[in-house]
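Undergrad: Take this structure first; my questions come after.
Protein chains: 2
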Amino acid sequence: MTKRIRISEIFGPTIQGEGPLIGRPTVFVRTGGCDYRCAWCDTLYAVLPEYRDDWLPMTPGEIMARVDELAGGKPVLVSLSGGNPAMQPLAPLIALGRERGHGFALETQGSISHPWFAELDWLILSPKPPSAGMATDWHAFDACLAAARGRPRCVLKVVVFDDADYSYAQAVAARYPALAVYLQVGNPAPLAGAAHPADADIDDLLRRLRWLVGKVTADRWFAATVLPQLHVLVWGNKRGV
Amino acid sequence: MTKRIRISEIFGPTIQGEGPLIGRPTVFVRTGGCDYRCAWCDTLYAVLPEYRDDWLPMTPGEIMARVDELAGGKPVLVSLSGGNPAMQPLAPLIALGRERGHGFALETQGSISHPWFAELDWLILSPKPPSAGMATDWHAFDACLAAARGRPRCVLKVVVFDDADYSYAQAVAARYPALAVYLQVGNPAPLAGAAHPADADIDDLLRRLRWLVGKVTADRWFAATVLPQLHVLVWGNKRGV
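Taken in order, these protein sequences are the chains called U and R. Using this note's numbering, the letters of the first sequence correspond one by one to residues 268 to 508. Using this note's numbering, the letters of the second sequence correspond one by one to residues 268 to 508.
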């Protein structure tokens, strides 16, 4: 029997707002459940057990039917996100999608690895900086890279709110000199309370981006790429876009 | 005797705000002079003959000394822009920069080609859509791609203001199916008059971005990448950032 996958939401096509695939049209498949509790998590509805009733256990066939419907039957980049999508049995979904010509990018904090990471096109590893309040298990993180076996493009994405996060990002980059590093400006709106998730303070986000660009250029850290969450600038902290 | 290069400005390091290198730290080398007169040109100070007195004829050694100074002696991505930088004799500059470990990206409308295009890391070809009021010479454009000889990464970047521009971008993409296409949201501020170049209407730009994402996703044009001019969102239409 095919194992079901816990799905929080499937939406798109829209553009990827973050990281190396910024601006690329994609369909998001967001799984429910996470082994982390980041202080500034912007998708708690896909993390906390009290939302579990909103998560639908779906078969790979059901998920792919929905992706195909949204994509109008055309091959598309599927962004596997969460929560932590690595908690789910995604191998059959990826195999099914590949048959139909879809590509797959998975983003995870790097706490859980699987052999099927090698079947992805992109593995975006996003270790959590001090501001998240989570400790990185580097042994588990290394296992994710090992599981990829050099097949997907592996990159690092680190959210930066402050100097401590920035130092953490530098340390991560030094640990993995072969990987491209994307620094993402922290979005404090989720910290301000989930009651008004659509309220993004654009001026504040752009100020934070200027600060981060200033840090990187002052340090001549030319290997880093600095990006905002484009979707937050465009749509605010709204779901489903 | 080494030929001098007409320089409008050299600045950075800052982040590249556009196209495939969005978010990457770079030093800009902007040349003076252009064979086009785009209606919405946002760098007329590097285009119009009346600014010619502001352009400094510099040797490759002088330019590279300034780049090295700005980059703190570290290898950096050099963005060759204009004007049309293909009007300048850039081969010795690129050779000199390569010796020092720098990388080079050149952006041009594709009206003038050179054998030294093959020495670049990135060739960003930006044919001008109907809103620019310029006609594309496809023979000259093809010559640019031929000159690159498959060595730099060649991509297309098309500015889109309206439906006619969008149709043009689709036709360009169909003509070059092997090249990645970046659609860039048009910035109408320069059209409103150069007197207040710092006035970028961020809300309007984000509205245009939402419109363009809507077009691309409705058409299931999944091979396109949709991006804003990030530097305009961050700094407005300000020079030197």
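Every residue gets a Cβ at the ideal spot worked out from N, C-alpha and C, and that includes glycine. Note that the coordinates shown come from a computational prediction; the quantities given were computed from them, not determined experimentally.
1. Is Val296 (chain R) close to chain U, meaning its C-beta is less than 8 Å from at least one C-beta of that chain?
2. What residue does the beta strand (DSSP E) around Lys424 (chain U) start on, and which one ends it?
3. The beta strand (DSSP E) that contains Pro396 (chain R), what's its start and end?
4. With a 10 Å radius around its C-beta and 16 neighbouring C-beta atoms as the bar for buried, classify Lys520 (chain U) as buried or exposed.
5. Output, in sequence order along the chain, the residues in the stretch 282 to 313 of chain R whose CB is closer than 7 Å to any CB in chain U.
6. Using the three-state DSSP reduction, which class does Glu329 (chain R) fall into: helix, strand or coil?
7. Let me check understanding here. Comparing Cα to Cα, which of U:His381, U:Asp335, U:Val499, U:Arg442 lies closest to Val296 (chain U)?
8. According to DSSP, what are the bridge partners of Thr281 (chain U)?
9. Against Lys341 (chain U), what residues of chain R qualify as contacts under a CB-to-CB distance less than 7 Å, listed in chain order?
10. Any beta carbon from chain U within less than 8 Å of Leu344 (chain R)'s own beta carbon?
11. Where do the N-terminal and C-terminal ends of the beta strand (DSSP E) with Tyr449 (chain U) fall, by residue?
12. So for Ile469 (chain R), helix, strand or coil by DSSP?
13. By the 8 Å beta-carbon criterion, what residues does the stretch 467 to 484 of chain R contribute toward chain U?
14. Grouping DSSP H, G and I as helix and E and B as strand, with all else coil, what is Thr254 (chain R)?
15. Which residues in chain U have a C-beta closer than 9 Å to the C-beta of Ala338 (chain R)? List them in chain order.
16. If you run the structure through DSSP and keep just helix, strand and coil, what is Ser378 (chain U)?
17. What are the residues that DSSP puts in a beta bridge with Ile274 (chain R)?
18. Suppose you measure from the CA of Phe384 (chain R) to the CA of Thr293 (chain R); what does that come to, to the nearest Å?
19. Is the shortest distance between the beta-carbon of Thr492 (chain U) and the beta-carbons of chain B less than 8 Å?
20. List, in order along the chain, the chain R residues whose C-beta lies closer than 7 Å to that of Leu500 (chain U)?
21. Among the candidates R:Thr281, R:Ile282, R:Arg474, R:Asp388, whose CA atom is the shortest distance from the CA of Val427 (chain R)?
22. Go through its chain and collect everything with a Cβ distance to Ser348 (chain U)'s Cβ below 7 Å, but skip five positions before and after it.
23. Assuming contact is defined by CB atoms lying nearer than 8 Å, are Val425 (chain U) and Ser380 (chain U) in contact in what I supplied?
24. Whose CA, out of U:Pro457, U:Ala467, U:Gly453, lies closest to the CA of Arg477 (chain U)?
25. Determine the closest residue to Thr403 (chain U) out of U:Val314, U:Gln496, U:Arg304, U:Leu494, with distance taken between C-alpha atoms.
26. Taking the C-alpha atoms as reference points, what is the distance between Leu363 (chain U) and Gly286 (chain U)?
27. Considering only residues of the same chain and omitting the five flanking positions on each side of Leu479 (chain U), which have a CB-CB separation below 8 Å?
28. Does Ala456 (chain U) pass the burial test, meaning 16 or more other C-beta atoms within 10 Å, or should it be called exposed?
29. In terms of alpha-carbon separation, which member of R:Met354, R:Leu500, R:Leu472 lies closest to Asp470 (chain U)?
30. Does the stretch 310 to 327 of chain R come into contact with the stretch 407 to 415 of chain R, if we say contact requires no fewer than three beta-carbon pairs (one atom in each stretch) closer than 8 Å?
31. Where does the unbroken alpha helix (DSSP H) through Leu412 (chain R) begin, and where does it stop?
32. Could you tell me whether the Cβ of Pro525 (chain U) comes closer than 8 Å to any Cβ of chain R?
33. Is Ile282 (chain R) near Met325 (chain R), with beta carbons less than 8 Å apart?
34. Check this for me: beta carbons of Ala491 (chain R) and Val448 (chain R), under 8 Å apart or not?
35. Name the residue from U:Val345, U:Arg333, U:Gly279, U:Ile272 whose alpha carbon lies nearest to the alpha carbon of Trp322 (chain U).
TA: The short version:
1. Residue mapping note: residue 296 (chain R) aligns to position 29 of the second sequence, counting from 1. No, Val296 (chain R) lies away from the interface with chain U (no Cβ there is under 8 Å from its Cβ).
2. Numbered from 1 along the first sequence, position 157 holds the residue referred to as residue 424 (chain U). First-last of the beta strand (DSSP E) with Lys424 (chain U): 420 to 427.
3. Counting from one through the second sequence, the residue named residue 396 (chain R) turns up at place 129. Pro396 (chain R) -> no beta strand (DSSP E), and no H or E assigned at all.
4. The requested residue 520 (chain U) does not occur in the structure, where chain U is confined to residues 268 to 508.
5. Ile282, Ile289, Gly290, Arg291, Pro292
6. For the purposes of this step, residue 329 (chain R) is taken as the residue at position 62 of the second sequence. In the displayed model, Glu329 (chain R) falls within a helix according to three-state DSSP.
7. Looking up residue 296 (chain U) in the first sequence gives position 29. Its Cα nearest to that of Val296 (chain U), the residue U:Asp335 stands out among U:His381, U:Asp335, U:Val499, U:Arg442.
8. Along the first sequence, read from residue 1 onward, the residue named residue 281 (chain U) stands at position 14. DSSP, once it has assigned bridges, lists U:Thr293 as partnering Thr281 (chain U).
9. What you label residue 341 (chain U) is simply residue 74 of the first sequence in a count that begins at 1. For a Cβ distance threshold of 7 Å, residue set Arg487, Phe489 of chain R lies close to Lys341 (chain U), ordered along the chain.
10. Position 77 of the second sequence, counted from the start, is the residue given in the question as residue 344 (chain R). Chain U, which has a Cβ nearer than 8 Å to the Cβ of Leu344 (chain R), makes this yes.
11. As a first step, residue 449 (chain U) is located in the first sequence; it is residue number 182 there, counting from the start. Tyr449 (chain U) -> beta strand (DSSP E) spans 447 to 452.
12. For the purposes of this step, residue 469 (chain R) is taken as the residue at position 202 of the second sequence. Helix, per DSSP.
13. Ile469, Leu473, Leu476, Arg477, Val480, Val483, Thr484
14. The structure shown does not extend to residue 254 (chain R), since chain R is modelled only from 268 to 508, so the question has no answer here.
15. Within the second sequence, numbered from 1, the residue matching residue 338 (chain R) stands at position 71. Correct list: Arg487, Phe489.
16. In the first sequence, counting from the first residue as 1, residue 378 (chain U) sits at position 111. Ser378 (chain U) falls in the coil class under three-state DSSP.
17. Sequence index remark: in the second sequence, residue 274 (chain R) carries index 7 (1-based). Ile274 (chain R) is bridged to R:Thr298, R:Leu323.
18. If you number the second sequence from 1, residue 384 (chain R) lands on position 117. If you number the second sequence from 1, residue 293 (chain R) lands on position 26. The alpha-carbon atoms of Phe384 (chain R) and Thr293 (chain R) are separated by roughly 19 Å.
19. Absent here is chain B; the protein component of the structure consists of chains U and R.
20. Working through the first sequence from its first residue, we reach residue 500 (chain U) at position 233. In chain order: Leu473, Leu500.
21. On the second sequence, position 160 is the one that residue 427 (chain R) refers to. Taking only the C-alpha atoms, the option nearest Val427 (chain R) is R:Arg474.
22. As a first step, residue 348 (chain U) must be located in the first sequence, where it is residue number 81. Apart from the 5 residues on each side of it in sequence, Ser348 (chain U) sits with its Cβ closer than 7 Å to the Cβ of Phe295, Arg297, Glu374 in its chain, given in chain order.
23. The residue labelled residue 425 (chain U) in the question sits at position 158 within the first sequence. The residue labelled residue 380 (chain U) in the question sits at position 113 within the first sequence. Cβ distance not < 8 Å, so Val425 (chain U) and Ser380 (chain U) don't count as in contact.
24. Taking the first residue of the first sequence as position 1, residue 477 (chain U) is located at position 210. The shortest C-alpha separation from Arg477 (chain U) is found at U:Gly453.
25. Taking the first residue of the first sequence as position 1, residue 403 (chain U) is located at position 136. Cα-wise, what sits closest to Thr403 (chain U) is U:Arg304.
26. One-based indexing of the first sequence puts residue 363 (chain U) at position 96. One-based indexing of the first sequence puts residue 286 (chain U) at position 19. Going from the Cα of Leu363 (chain U) to the Cα of Gly286 (chain U) covers about 26 Å.
27. Numbered from its first residue, the first sequence carries residue 479 (chain U) at position 212. Taken in chain order, the residues that qualify are Val427, Tyr433, Leu450, Val452, Val493.
28. Working through the first sequence from its first residue, we reach residue 456 (chain U) at position 189. Looking at its Cβ environment, which holds 16 or more other Cβ atoms inside 10 Å, Ala456 (chain U) is buried.
29. Taking the first residue of the first sequence as 1, we reach residue 470 (chain U) at position 203. It is R:Leu500.
30. no
31. By 1-based counting over the second sequence, the position of residue 412 (chain R) is 145. Residues 405 to 415.
32. Absent from the model: residue 525 (chain U). The displayed extent of chain U is 268 to 508, so no value can be given.
33. For this step, residue 282 (chain R) is matched to residue 15 along the second sequence. For this step, residue 325 (chain R) is matched to residue 58 along the second sequence. The beta carbons of Ile282 (chain R) and Met325 (chain R) sit no closer together than 8 Å.
34. In the second sequence, residue 491 (chain R) corresponds to position 224, counting from 1. In the second sequence, residue 448 (chain R) corresponds to position 181, counting from 1. Result yes, Cβ atoms of Ala491 (chain R) and Val448 (chain R) sit closer than 8 Å.
35. As a working mapping, residue 322 (chain U) is identified with position 55 in the first sequence. Among U:Val345, U:Arg333, U:Gly279, U:Ile272, the Cα nearest to that of Trp322 (chain U) is on U:Ile272.
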